[in-house]
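Here full-length UniProt numbering is used: position 106 in the sequence shown is 106, and no number is missing along the way. Each residue gets a CB set at the ideal place from its N, CA and C atoms; glycine is no exception. No experiment lies behind these values; they were computed from the predicted model shown. Structure first, then comments.
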Amino acid sequence: MYKLLSHNDLDGVGCGILAKLAFGKDVKVRYNSIGSLDREVEWFFENDNQETFLFITDLSVNKENEKRLEQFSQSGRKVQLIDHHKTSLHFNDYDWGHVIVEDSEGKLTSATSLLYEYLTAQGFLQPTKAIDEFVELIRQYDTWEWETNNNQQAQRLNALFFLVSIEEFEEKMLERLKTEEHFHFDDFEKKILDMEEEKIERYIRRKRRELVQTKIKGLFVGVVYAESYISELGNELGKEYPHLDYIAILNIGGKRIGFRTIHDDVDVSEIAAQFGGGGHAKAAGASMNEEAYKLFVTNTFHLEPLREDAKHNRYNLKDTSFGTLYQNNSGDKFLLQPLNDHEWVIEKNRFKQDQTFPSFAEGEKFLKRSENAWLVRDDLFVSYLQEEIKLRK
Ligand SMILES: [Mn+2]
């Protein structure tokens, strides 16, 4: 018998599907949240047949279970942990640990792609085109590579995963992978996925207007409350507000915080680790402890949401020699303009400030970070310039 304990997200369930393709009725699969795995592992040691081959995928265990697993393995029993999270790399010290974040060709891995390699190399599973395609979609989704490659199929696979129950998803995928030559969505799935996409767009638009900005442990953070579409939301907000180091997404009911960043020089797994969590450089999470609650909830409760930059301007545009006009919540106006060919300067309420910036982008970052300022609409910009002319007369 085989038992597979895996994560309850798309990548984790991808592992379960592969295990069922390989072992059929001989494998029991249980999906867990990050927080519930250790109890499940303890349950295995207390109640399960110890001749069972235990797989753990896309998740890692605590210190105690790490010791138990090592004893289990030392006593000649079979266990294999397969993961791709940087925070799990120390499991490679054991014979039963297989953790790879990036493969030899520099490609980011996922638990599903690693388990697929393992199962086919061991002769447990015969590779097919359809399975190759399915595994690659999950890998691209989980590593966020789909975004760079604009691989909508990968994102749609994840959306489908959340639209149906895990049991239904498993059943549909198993059937498809056993019988079809290529991986594809059926017409009904295509229809509900189209509807879902529109729903996500509306949700993100609403959430964009609820984002507040603060500084926590030296980094600029956008804080928003959300329970759904965490990754899509984190990515959209990150791109909308690139002056923020990362986005924190709070789920109060679930007492969880998700951390997302679009920046290569910010590692959110380090931020999550400060609150007892973990994950990847660009996507991580933690439970909301007292300290996190104070920093992210209490301290930000009184803040005004960030205002979005005006979208349809023809005159007040970024990075022009004319200057670009911003405003903050107190009504102060900031004109960012070039001083010479290598310096940018800000006029606050028409008074030139001393500080200069090496580029437009740096000047704007300063305004957005220190003043929560936003790009104003054309009408305000035009009346600002008219006023300027009057003042000069
Ligand atoms: Mn994963």
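Residue i versus residue j: straight-line alpha-carbon distance, rounded
i           : j      : result
Arg39       : Leu114 : 24 Å
Lys318      : Lys390 : 24 Å
Phe124      : Arg30  : 19 Å
Gly253      : Gln355 : 44 Å
Asp26       : Lys20  : 8 Å
Arg209      : Ala283 : 22 Å
Leu193      : Tyr384 : 46 Å
Ser110      : Gly12  : 9 Å
Ile17       : Leu157 : 14 Å
Tyr241      : Phe296 : 18 Å
Tyr141      : Cys15  : 14 Å
Thr346      : Asn316 : One point to set straight first is that residue 346 is Ile, not Thr, in the sequence displayed. Rounded to whole angstroms, Ile346 to Asn316 spans 15 Å at the Cα level.
Phe162      : Asp264 : 28 Å
Leu336      : Asn329 : 17 Å
Glu189      : Glu196 : 10 Å
Gln50       : Ile56  : 15 Å
Gly24       : Gln122 : 16 Å
Asp186      : Arg176 : 10 Å
Asp95       : Glu201 : 46 Å
Arg392      : Gln386 : 10 Å
Ile100      : Glu171 : 29 Å
Asn235      : Asn150 : 14 Å
Thr128      : Ser228 : 34 Å
Thr87       : His98  : 13 Å
Gly238      : Gly76  : 48 Å
Ser231      : Val224 : 13 Å
Val41       : His90  : 18 Å
residue 395 : Phe45  : Since the first residue shown for the chain is 1 and the last is 393, residue 395 is missing from the structure and cannot be characterised.
Ile204      : His84  : 29 Å
Ser321      : Asp341 : 10 Å
Lys255      : Gly285 : 11 Å
Ala159      : Thr112 : 17 Å
Glu81       : Ser36  : Per the sequence shown, the amino acid found at residue 81 is Leu instead of Glu. Cα-Cα distance, rounded: 16 Å.
Arg350      : Arg206 : 34 Å
Glu308      : Gly278 : 31 Å
Ala292      : Glu304 : 20 Å
Buried or exposed (CB count within 10 angstroms, at least 16 for buried), residue i
i           : result
Met173      : buried
residue 394 : Here the chain comprises residues numbered 1 to 393, so residue 394 is not present and cannot be evaluated.
Gln152      : exposed
Trp43       : exposed
Asn65       : buried
Gln74       : exposed
Gly106      : exposed
Ala22       : buried
Gln274      : exposed
Arg314      : exposed
Ala226      : buried
Asp9        : buried
Glu136      : buried
Leu339      : exposed
Asn47       : exposed
Arg139      : buried
Asn32       : buried
His302      : exposed
Glu364      : buried
Residues sharing a beta bridge with residue i, DSSP
i           : result
Gln337      : Val345
Lys78       : Lys78 is not bridged to any residue.
Ile389      : According to DSSP, Ile389 bridges with nothing at all.
Phe220      : Lys215
Val99       : Asp83
Tyr326      : Phe334 and Leu375
Leu54       : Lys3 and Val79
residue 394 : This structure leaves residue 394 out entirely; the chain is present only between 1 and 393.
Lys352      : Glu347
Phe357      : Trp344
Leu108      : Glu102
Spatial neighbours of residue i in its chain, beta-carbon cut-off 6 Å, leaving aside the 5 residues before and after
i           : result
residue 413 : In the structure as shown, the chain starts at 1 and stops at 393, and residue 413 therefore has no counterpart that could be examined.
Glu180      : Ala130
Lys78       : Phe53
Arg377      : Ala310
Phe366      : none
Other residues of its chain near residue i: CB distance less than 7 Å, five sequence neighbours each side excluded
i      : result
Tyr246 : Leu219, Val221, Phe259, Arg260, Thr261, Val266, Val268 and Ile271
Arg369 : Phe220 and His243
Phe381 : Tyr315, Asn316 and Leu325
Asn372 : Gln213, Leu306, Asn328 and Asn329
Glu70  : Tyr94
Thr143 : Leu108 and Ser110
Gly323 : Leu335, Leu336 and Gln337
Sequence-distant residues of the same chain with beta carbon closer than 8 Å to residue i, five excluded per side
i      : result
Glu362 : Trp344
Asn62  : Asp38
Ser359 : Trp344
| field | Whole runs of the alpha helix (DSSP H) within the segment 112 to 185, excluding any shorter than 4 residues | value | Qualifying alpha helix (DSSP H) stretches, in chain order: 129 to 142, 145 to 149, 152 to 163 and 166 to 179.
| field | Runs of alpha helix (DSSP H) lying entirely within the segment 234 to 298, each at least 4 residues, in chain order | value | Fully enclosed alpha helix (DSSP H) runs of 4 or longer: 268 to 274.
| message | Quick check on the DSSP output: what are the complete alpha helix (DSSP H) runs of length 4 or more inside the segment 22 to 49, in order along the chain? | response | 37 to 47
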